[in-house]
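Shown next, in structure tokens, is the structure this report addresses.
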Amino acid sequence: MAEDPEPGTRASFLAMLNATLPRTRVIAQGLIRDDRGRVLLCELTYKSDWDLPGGVVDPHEPPWAALRREVREELGLDLPPGSLLAVNWMPPYRQWDDAVHFVFDLGVVPDVLERAVLDRRELAGVHWVEPADADQRMAPYAVRHLTSILASDSRSGPLVLEDGSLPEADVT
Numbered sequence: 481m482a483e484d485p486e487p488g489t490r491a492s493f494l495a496m497l498n499a500t501l502p503r504t505r506v507i508a509q510g511l512i513r514d515d516r517g518r519v520l521l522c523e524l525t526y527k528s529d530w531d532l533p534g535g536v537v538d539p540h541e542p543p544w545a546a547l548r549r550e551v552r553e554e555l556g557l558d559l560p561p562g563s564l565l566a567v568n569w570m571p572p573y574r575q576w577d578d579a580v581h582f583v584f585d586l587g588v589v590p591d592v593l594e595r596a597v598l599d600r601r602e603l604a605g606v607h608w609v610e611p612a613d614a615d616q617r618m619a620p621y622a623v624r625h626l627t628s629i630l631a632s633d634s635r636s637g638p639l640v641l642e643d644g645s646l647p648e649a650d651v652t
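The opening residue of the sequence shown carries number 481 in the working numbering; numbering runs sequentially from there.
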């Protein structure tokens, strides 16, 4: 084909690497809180567990841009992502391979329920949930992730997590 790189060139080597190296799914989500400390969870149409707003990052899309896009598409709101709160490596889960999961601070938005215009194909609803009650609605790995984020001091920088918890090995 005309687009194929010339064999034996740097371009062909990089194309071979790009075709054979593992690809990891990337997820971007946001933490929205109200003035009472509750967190916003999305009731999804395609799975039973509720989750933070956000979704899968498209190819060649930065995680923060993906989050802003997903919130715009699903909630009808333009909320620019703030600080990175956590990077979480997630092992294979159910039918999914491993993933890298970014969570950004989307701020305190107490009127989000009134302002949101939901994409009903993806969201059945959005709800304020007390952090202590998250385990009643979220998957166990998501509860670990949320609990780690809420327990951290975000002034010390983003958390590095493994399956929602601080890794056994020192990564600092």
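We put the beta carbon where it would ideally sit given N, CA and C, even for glycine.
Whole-number beta carbon distance between V506 and V567, since they are thought to touch under 8 Å: A Cβ-Cβ distance of about 10 Å is found for the pair V567 and V506, leaving them out of contact under the 8 Å criterion.
Cutoff 8 Å: G488 Cβ touching any chain C Cβ: You won't find chain C in this structure, because it holds only one protein chain.
Near R552, which residues of its chain fall below 6 Å by C-beta distance, leaving aside the five closest residues on each side in sequence? Here the set comprises D558.
Would you mind working out which of R574, E610, L511, V536 sits nearest T504, comparing C-alpha positions? It is V536.
If the criterion is Cβ atoms closer than 8 Å, does the pair L532 and L511 meet it? In this structure, L511 lies closer than 8 Å to L532 by Cβ.
Give the C-beta separation of A499 and P543 to the nearest angstrom, bearing in mind that I take them to be a contact with Cβ-Cβ under 8 Å. That pair is no contact at about 23 Å.
Meets three-Cβ-pair contact criterion under 8 Å: the segment 617-634 and the segment 592-599: The segment 617-634, when compared against the segment 592-599, does not touch it at the 8 Å Cβ threshold.
Neighbourhood of R624 by C-beta, 6 Å cutoff - its chain only, sequence neighbours within 5 removed: If we look at R624 and ignore the five residues flanking it on each side, its Cβ neighbours are G644, S645.
Return the CA-CA distance between R513 and V583, expressed in angstroms with no decimal places. In a straight line, the C-alpha of R513 is about 13 Å away from that of V583.
Own chain partners of P561 with C-beta closer than 7 Å, once the 5 adjacent residues on each side are dropped: Taken in chain order, the residues that qualify are G510, W544, L547, R548, F584, L586.
So for A566, helix, strand or coil by DSSP? Note: A566 maps to strand in three-state DSSP.
According to DSSP, R617 sits in a beta bridge with which residue or residues? According to DSSP, R617 bridges with nothing at all.
Under 8 Å between C-beta atoms of V519 and L626: Yes, the pair counts as a contact, with Cβ atoms nearer than the cut-off.
To the nearest angstrom, how far is it from the Cα of Y621 to the Cα of D577? Looking at the backbone, the Cα of Y621 and that of D577 are separated by about 14 Å.
On the criterion of 16 or more Cβ atoms from any shown chain inside 10 Å, does G534 qualify as buried, or is it exposed? For G534, the number of other beta carbons within 10 angstroms of its own is at least 16, and it is reported as buried.
Looking at the secondary structure, which residues open and close the alpha helix (DSSP H) in which W544 lies? Counting along the chain, the alpha helix (DSSP H) containing W544 begins and ends at 543-555.
For W569 and G556, I'd like the C-alpha separation in whole angstroms. The alpha-carbon separation between W569 and G556 amounts to approximately 29 Å.
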